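The structure appears below as structure tokens.
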Amino acid sequence: MNGGTFTYREVGATRLGPLPDGYHHLHHRTRIGRGRPAFEAAGTAVTAWTLHRRAGARVTATTARAERGTGARVSLGVGPLRISAPCEVVWSVYEKDRTGFAYGTLTGHPECGEESFVVELGEDGSVWFTVMAFSRPARWYTRLGGPLVPVLQRAYARWLGRNLARIAVGG
Numbered sequence: 041m042n043g044g045t046f047t048y049r050e051v052g053a054t055r056l057g058p059l060p061d062g063y064h065h066l067h068h069r070t071r072i073g074r075g076r077p078a079f080e081a082a083g084t085a086v087t088a089w090t091l092h093r094r095a096g097a098r099v100t101a102t103t104a105r106a107e108r109g110t111g112a113r114v115s116l117g118v119g120p121l122r123i124s125a126p127c128e129v130v131w132s133v134y135e136k137d138r139t140g141f142a143y144g145t146l147t148g149h150p151e152c153g154e155e156s157f158v159v160e161l162g163e164d165g166s167v168w169f170t171v172m173a174f175s176r177p178a179r180w181y182t183r184l185g186g187p188l189v190p191v192l193q194r195a196y197a198r199w200l201g202r203n204l205a206r207i208a209v210g211g
């Protein structure tokens, strides 16, 4: 599954920013729960690919947990409308109050760019989930989708947040 080539130069930009010019930017942050148990459940769900799977994506990954260098193929859709997206994890973080990772697009991905998924435990005990991405079309059908693609990306980020909130409370 690994062995692909990144389709963009700014590998790792979602970790420290700023997000590079020339791409659509996505930043979605939502409160998903409260307390360390919710943080730990959410962090595990994000980094073990459970969140993506519960949100309806098929994920095949070279490791059980997201680590730098992990190859992944994420696909959405049904039958002949299923879109497959090869990615590689470009960074991961496993800290006391922050857990997550980012993957970058490889050759064959419908988009070009990077997306991160991070869970944070605030000082007040609130648990936050952030999706940050920069992307631009890489295939004819994503170019054809034009302004609809960023709308779908935002909707998917919100969908992930709602699913992660259910997971964080034991649902």
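Going by the working numbering, the sequence shown opens with residue 41, and the numbers climb by one from there. Where is the CB? At the ideal position from N, CA and C, for every residue including glycine. Please read these numbers as outputs of a predicted model, since none were measured by experiment.
Under the three-state reduction of DSSP output, ALA95 falls in the coil class, being neither helix nor strand. The beta carbon of LEU146 lies closer than 7 Å to those of GLY44, THR45, PHE46, THR47, PRO126, CYS127, GLU128 in the same chain, with the five residues before and after it left out. Comparing C-alpha distances from GLY109 to each of ARG98, LYS136, PHE141 shows the shortest one belongs to PHE141.
In terms of CA proximity to TYR143, PHE174 leads the group TRP168, PHE174, VAL118, SER166. Relative to TRP199, the option among PHE169, ARG176, GLY111 whose CA is nearest is PHE169. Looking from the CA of ARG183, the closest CA among ARG113, ALA197, HIS149, ILE72 belongs to HIS149. In the DSSP assignment, PRO190 falls within the unbroken alpha helix (DSSP H) covering 188-208. Residue pairing by DSSP places VAL118 opposite no residue, since no beta bridge is assigned to it. As the crow flies, the alpha-carbon of GLY62 is around 15 Å from that of GLU155. Taking 3 residues as the shortest admissible run, the stretch 123-195 contains the following complete beta strand (DSSP E) segments, listed from N- to C-terminal end: 123-134, 138-145, 151-161, 166-177. When rounded, the separation of the alpha-carbon atoms in LEU91 and ASN203 is 7 Å. Of all alpha-carbon atoms in ALA53, VAL158, TYR134, ALA78, the one lying nearest the alpha-carbon of ALA197 is that of VAL158. CA-CA distance, GLU135 to VAL86, rounds to 14 Å. In the DSSP secondary-structure assignment, ALA101 is bridged to ALA112.
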